[in-house]
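Sequence lines, in order, name chains B, E and Y. The first sequence: position 275 = 282 (this note's numbering), numbered continuously. The second sequence: position 90 = 927 (this note's numbering), numbered continuously. The third sequence: position 26 = 54 (this note's numbering), numbered continuously. Notes for the one structure printed next.
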Amino acid sequence: MPTQVAFFVEVLAGGLLAGVMYALVALGFVLIYKASGVFNFAQGSMVFFAALTFVSLTERGWNFWLALAVTLVVMVVLGVVIERTVLRPLVNQPQITLFMATIGLTFVLEGLSQLIWGSQPHGLELGIADVPIDWLSQKLNINISQFDIFAAFVAGALVAVLAVFFQKTRIGRALRAVADDHQAALAVGIPLQHIWAIVWAVAGFVALVAGLMWGVRNGVQYALTFTALKALPVLLIGGFESIPGAIIGGLIIGATEKLAEVYVGPMFGGGIESWFAYVVALLFLLVRPEGLYGEKHIDRV
Amino acid sequence: MRRSTIAAAALALAAATGTAVAQNEQFIPANGYWVGPYAPGGSGFFGGIIDYFQLLNERDGGINGVKLTWEKCETEYRNDRGVECYERSKKKGPTGATVIHPLSTGITYSLIDKATADHIPIISMGYGRADAADGRVFPYVFPLVTTYWSQADAMIKFIGQREGGMDKLKGKKIVLIYHDSAYGKEPHAVLEKLASQLGYQLTMIAVPHPGNEQQSQWLQVRQIRPDWVILWGWGVMNPTAIKAAAKIGFPRNKMVGVWWSGAEEDVIPAGSAAKGYISSGFNLPGTNFPVMQEILKYVYKKGKGEMDDKSRIGSIYHTRGVVAGIITAEAIRIAQTHFNKKGKPITGEEMRWGIENLNIDDKRLKELGAVGLMPTLRVSCMDHEGSGLVKFQEWDGAKWKPITDWIAADKKLIRPMMEASAAQYAKEKGITPRDCSREK
Amino acid sequence: MLYREAGQFKSSYAEDQQIFPIRQDRIAMGVLLAVAFVVLPLAGNEYWLSAILTPLLIFALAALGLNILTGYAGQLSLGTAAFMAVGAFMAYNFVLRMPWLGILPSFILAGLCAAAVGVVFGLPSLRIKGFYLAVATLACQFFVLWAIQRIGWFTNYSSSGVITAQQVVILGVPFDTPARKYLFTLTVVALMALAAKNLMRSETGRAFMAVRDMDVAASVIGIPMMKTKLLAFAISSFYCGVAGALHAFAYLGTVEPEAYSLELSFNILFMIVIGGAGSILGSFLGAAFITLFPIFLNLASDWLQNVTGIEIQHAVVSNLRVIIFGALIIFFLIVEPLGLARLWQITKEKLRLWPFPH
């Protein structure tokens, strides 16, 4: 392949795969927003908390799977506690109040993680090296990291599991009912509180997966909380309420962002990535105000 | 509600400041950060300073009998909190705050005016305004040891050494990967000027804050295929950059980091990818230096050490704090002698004289037990930087190993730039620079 | 007993429409202003004036700006810090390039620049709502900071992108001491708060509130959507811009673009939620709470350690403080979701009946 074309493919593929990483974080937002209408700003801290707990356990000599299981239990407990102490007392409050409460939660989680495990950064390796796949780089001169491929598989599996969970299980159906209409769901006897606790626990699980993937890239440290910012434009495009939207949105954002930075960025002194994704999302919204897969709301006077 | 909160805060303030002040103490505020993304740096640096002060108190009974005291204030690395901590701490102790170590470029900027008006010197060791090295315009600001500009020059010198001579740099490709902020822009002017002199090709690539995603930047690096990459990172950006370099197969031993990219905390998260990575620094890690041994013996044995994680004793940030402690204590010592105040606390203004007349030579370093821990330092009214020496170290997968001797920056190149920048500042602020020949 | 309106009759429309229809309120406000303008500058020490009160007022002004947009007009924004940055950097440039203009006109022009930026980034509000809009305003936050860093003109081509605000001199009087800087800030903030109070009671303010409560209904009754929303963005950004200029000129002195990070935007949003959305008083209460509370926690924990003699590691204390701060915010939202201003209102209601509640 000519180098220019190969490079373009590389940028595009890299962007799409980066988008998968964004989508992993965005999924957590979507789950919670879908079921409880809460824009959960604490998702980034949950990613940090989960990854830090896992890494600290493994560094204390725990077996990988045991640490994973224990972390998972911790995240589920965390979800239940959050539902009990934060969400339940705030039922029926305006959305902005709930949003602010989750920012309060961010402080609590960040303080708690550093209080328990300390503020030192940790390295994390999952046994799959973040290096280019050999035959691709030799044959086609395209660099694609095998870890990126692995992350894409994990994301795919996660979405599949979530889809089965939502479509086939009893709890999943209840979740969808709640997402459609809180009051109607209550009326047919679905226990709203339980459902919310489950959703937060599932979001905790998603946070753990995202934390592990990002932790390999960045190391497990406080900065993992910043991953939330990468997920926000994804939500704008994909819609706050759609799981496939999160994946598609992630791919669109990842690809356009990287292409723009590499091909357009140098004309403006670079660094346009910080806002470009948002502008793309914004332009997109002007055409489709509810995002790609968001639900249309019809206002009644 | 507002008034009652103020009243409550006032009560607490009165309680906190009401404690009796012993006269034979020298107060140095420890306004740092122990939470948030930069907590490793803050806790390590201030741990080092306090450990050294504790050593002086425990071993020598202070400086000429004057005990050193300090009080921690949490700035969270935020400008407004930094200003609040500064204002709160500046009147404490018998003579007020002696000196401030802001350990944040942003807080340093915010304090320059205030500290100058209050006659409290600021030591911004290795950060802050590079042009503050011109002591005529910035009498109270000391970017000691090495500024960013000297650093950038030393990095090019190092690369020249590795390539086998400065003339070999011609036609070489060097990429600067920098944190997109005021800090990251510091080296631009120096590197550009050197590029035009030495003839290397320079590409500067910005990484937006926080830098946890660098795919596109490193794809550009891959396309350029540079001979060297200079990393001007901060926080999570460092391990991410090292990992990204590994991902495109760029050799880590052709990457040179600035000192904010050269602590254990910057490479450990990158795991095995960081092996061979080079960074610069003005303090070396380790516990083999006599002064570090003394700290272990007099401070940690007695259970008075600051670092709760014992493995961090002797880490880069910790020894950097010790170096800051040594510099601070030495300045106090010579100010006491000069102003005939042996055994008495000195004021901020006297401290300023002390810092400005610091001369830590090899002999003194030996007495301090800090040979090799830090470079020699000679400050003057004209030159508030004092050293400009940089050492390069390599990460071998477990610890930093020094790989060069002290490399001096080219003052002939840097100094006029500093003076020009300081003069512009003086013009904007309406400051008449001091006449250094009349300083004693 | 003390706080009663019985016997206060209003015999004209003007009397009925004044800002504080109850005499006790007028007296209290007068006393508060007298304390703020006279007592505090004379009695307050440097620490209080320059490290607490001045930033408190500046943040209150920014919160007021955001409150106009979010609390009154119902448009959630996360770009407050960016508007402040525009104000700070433009004020610097106006003073630098047009020194004959004087400080106050420069501030006003800087505020107008912020307003213009606000209108541009307010355009999407015509199409999108709620959190979609909030996230979209992040575009403004990141773009503005990027532009300020990238375009040398904003920082007068300083090598590191840092500006040093010029000295504030009005009619030959330099505002250089903490007390003077405080007075300067206070005057600007008081005047702008008064203007905001009146504006929110006018037709414009009512139009804002109609849009907030239900924009479809508002447009049905003939409120021009585009004009109202963009006006809200413009006024709000103007306030934030002036707050940013004060932040640079009367508070920090030397600022870097990063000082106006997303974190600051969130902090200001906190202020209005804790203080009370849709309330002028709430902006001040919220700013006071968010600035003072961490300091209070700081002092209280030091004090506790001194008194009890228990020495806890500083990192532990710092982290505990962060946790308590977060937990208290949640607690506050649960107990009083409408903010401190609402608490104040309830207190007033109770006071009316005190000491004989039926």
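We treat Cβ as the ideally placed atom computed from N, Cα and C, and that holds for glycine. Computed from a predicted model, the values in this text were never measured in an experiment.
Give, in chain order, every residue of the region 1071 to 1103 of chain E whose Cβ lies closer than 7 Å to some Cβ of chain B.
Cβ contacts with chain B: Gly-1072, Val-1073, Pro-1076, Thr-1077, Lys-1080, Ala-1083, Lys-1084, Ile-1085, Gly-1086, Glu-1102.
Taking contact to mean 3 or more Cβ pairs, one atom from each stretch, closer than 8 Å, check whether the region 85 to 96 of chain Y and the region 261 to 268 of chain Y are in contact.
As far as the Cβ criterion goes, the region 85 to 96 of chain Y touches the region 261 to 268 of chain Y, which means the pair count is three or higher.
Sequence ranges, alpha helix (DSSP H) only - wholly within the region 204 to 255 of chain Y, length at least 4
Counting only runs of 4 or more residues that sit fully inside the region 204 to 255 of chain Y, the alpha helix (DSSP H) segments are 206 to 228, 231 to 241, 243 to 248, in chain order.
How should Y/Leu-366 be labelled, buried or exposed, when 16 other C-beta atoms within 10 angstroms of its C-beta is the threshold for buried?
Around the beta carbon of Y/Leu-366, a 10 Å sphere encloses 16 or more other beta carbons of the protein chains shown; the residue is thus reported as buried.
Measuring CB to CB, does Y/Ile-96 end up less than 7 Å from B/Val-93?
In this structure, B/Val-93 does not lie closer than 7 Å to Y/Ile-96 by Cβ.
Less than 7 Å separating the beta-carbons of E/Ser-1224 and E/Leu-1214?
The answer is yes: Cβ separation under 7 Å.
Sequence-distant residues of the same chain with beta carbon closer than 8 Å to Y/Gly-130, five excluded per side
Residues Ile-198 of the same chain have their beta carbon placed closer than 8 Å to that of Y/Gly-130, with the five preceding and five following residues left out of the count.
Three-state secondary structure (DSSP) at E/Asp-1064?
If DSSP states are grouped into helix, strand and coil, E/Asp-1064 belongs with coil.
Whole angstroms are fine: how far does the CA of E/Gly-878 sit from the CA of E/Val-858?
Unreliable placement is indicated for E/Val-858, whose pLDDT of 48 sits below 50; the coordinate value is still reported in the next sentence. If I take the Cα positions, the gap works out to 31 Å.
Which residues in the same chain have their Cβ closer than 6 Å to the Cβ of B/Tyr-285, if we skip the five residues on either side of it in sequence?
So the qualifying residues of the chain are Pro-240.
Exposure label - Y/Met-254; buried when at least 16 CB within 10 Å
Exposed, since its Cβ has fewer than 16 Cβ neighbours within 10 Å.
Might you give, ordered along the chain, the residues of its own chain that have their beta carbon closer than 8 Å to the beta carbon of B/Val-87, omitting 5 neighbours on each side?
Hits under 8 Å: Ala-204, Trp-207, Ala-208.
In this structure, what does DSSP give as the bridge partners for E/Cys-910?
Partner residues in the beta bridge of E/Cys-910, as assigned by DSSP, are E/Asn-868.
Cutoff 7 Å: Y/Ser-187 Cβ touching any chain E Cβ:
Nearest CB-CB separation between Y/Ser-187 and chain E: below the 7 Å threshold.
Tell me the residue span of the alpha helix (DSSP H) that contains E/Ser-1116.
Looking at the DSSP string, E/Ser-1116 is not in any alpha helix (DSSP H); the run it does join, the beta strand (DSSP E), is 1115 to 1118.
Using a C-beta to C-beta distance shorter than 9 Å, which residues of chain E count as neighbours of Y/Pro-83?
Neighbours of Y/Pro-83 on chain E, chain order: Asp-917, Val-920, Glu-921.
Decide if the region 981 to 992 of chain E is in contact with the region 1016 to 1032 of chain E; the criterion is three or more beta carbon pairs, one per stretch, under 8 Å apart.
Taking 8 Å as the limit for Cβ pairs, the verdict is that the region 1016 to 1032 of chain E does touch the region 981 to 992 of chain E.
Ignore the nearest five residues each way along the sequence and tell me which others in Y/Ile-308's own chain have a CB closer than 8 Å to its CB.
The beta carbon of Y/Ile-308 sits closer than 8 Å to the beta carbons of Leu-92, Asn-95, Ala-221, Ala-224, Lys-225, Met-228 from its chain, once the five residues preceding and following it are set aside; these are given in chain order.
Does the Cβ of B/Thr-176 have 16 or more other Cβ atoms within 10 Å, making it buried, or fewer, making it exposed?
Under this definition B/Thr-176 is an exposed residue.
Where does the unbroken beta strand (DSSP E) through Y/Pro-83 begin, and where does it stop?
It is not in any beta strand (DSSP E) - Y/Pro-83 instead sits in the alpha helix (DSSP H) that spans 82 to 94.
Residues of chain B with CB closer than 7 Å to the CB of E/Ala-1107, please, in chain order.
Neighbours of E/Ala-1107 on chain B, chain order: Gly-130, Gly-226.
Quick check: E/Phe-979 and E/His-1221, are their CB atoms within less than 7 Å of each other?
Cβ distance < 7 Å, so E/Phe-979 and E/His-1221 count as in contact.
Once the 5 residues before and after B/Pro-77 are set aside, which same chain residues still bring their CB inside 7 Å of it?
Reading the sequence as shown, one finds Val at residue 77 of chain B and not Pro. Cβ neighbours of B/Val-77 beyond the five flanking positions: Leu-64.
Taking the beta strand (DSSP E) that E/Gly-1094 belongs to, which residues open and close that run?
Per DSSP, the unbroken beta strand (DSSP E) holding E/Gly-1094 starts and ends at 1092 to 1094.
Report yes if the C-beta distance between E/Val-1044 and E/Gln-1051 is below 7 Å; otherwise report no.
At the C-beta level, E/Val-1044 and E/Gln-1051 come within 7 Å of one another.
Beta carbon of Y/Leu-106, beta carbon of Y/Ala-193: below 7 Å?
In this structure, Y/Leu-106 lies away from Y/Ala-193, with their beta-carbon atoms at least 7 Å apart.
Buried or exposed by the 16-neighbour rule on C-beta atoms within 10 Å, applied to B/Gly-196
Answer is exposed; the Cβ neighbour count stays below 16.
Would E/Trp-986 be called buried (16 or more neighbouring beta carbons within 10 Å of its own) or exposed?
Classification of E/Trp-986: buried, given that the 10 Å Cβ count is 16 or more.
What in chain B is Cβ-close to E/Pro-877, meaning under 7 Å?
Identification of chain B residues near E/Pro-877 by a Cβ-Cβ cut-off of 7 Å yields Ser-126, Gln-127, Pro-128, ordered along the chain.
Using the Cα positions of B/Arg-295 and B/Ile-260, report the straight-line distance between them to the nearest angstrom.
Spanning the two alpha carbons is a distance of roughly 16 Å.
Using 8 Å for Cβ pairs, my map puts E/Pro-958 next to E/Gly-1185. What's the rounded Cβ distance?
Between E/Gly-1185 and E/Pro-958 the Cβ distance is about 6 Å, and since that is below 8 Å, they are a contact.
Should E/Asn-1177 go down as buried or exposed, given a rule of 16 or more other Cβ atoms within 10 Å for buried?
Exposed.
CB-CB under 7 Å to B/Ala-244, same chain, minus the five flanking residues each way: which ones, in chain order?
Before going on, a small fix: residue 244 of chain B reads as Ile here, not Ala. Gly-256, Ile-259, Ile-260, Ala-288, Phe-291, Gly-298, Leu-299, listed in sequence order.
Distance check for E/Pro-1182 and Y/Thr-183, CA to CA, integer angstroms please.
It is roughly 41 Å from the alpha-carbon of Y/Thr-183 to the alpha-carbon of E/Pro-1182.
Quick test of the definition: if touching needs 3 or more C-beta pairs under 8 Å, does the region 122 to 136 of chain Y touch the region 278 to 291 of chain Y?
No: fewer than three Cβ pairs fall under 8 Å.
Between B/Ser-281 and chain Y, is the shortest Cβ-Cβ distance under 7 Å, so that the two count as touching?
Answer yes: the Cβ-Cβ gap between B/Ser-281 and chain Y drops below 7 Å somewhere.
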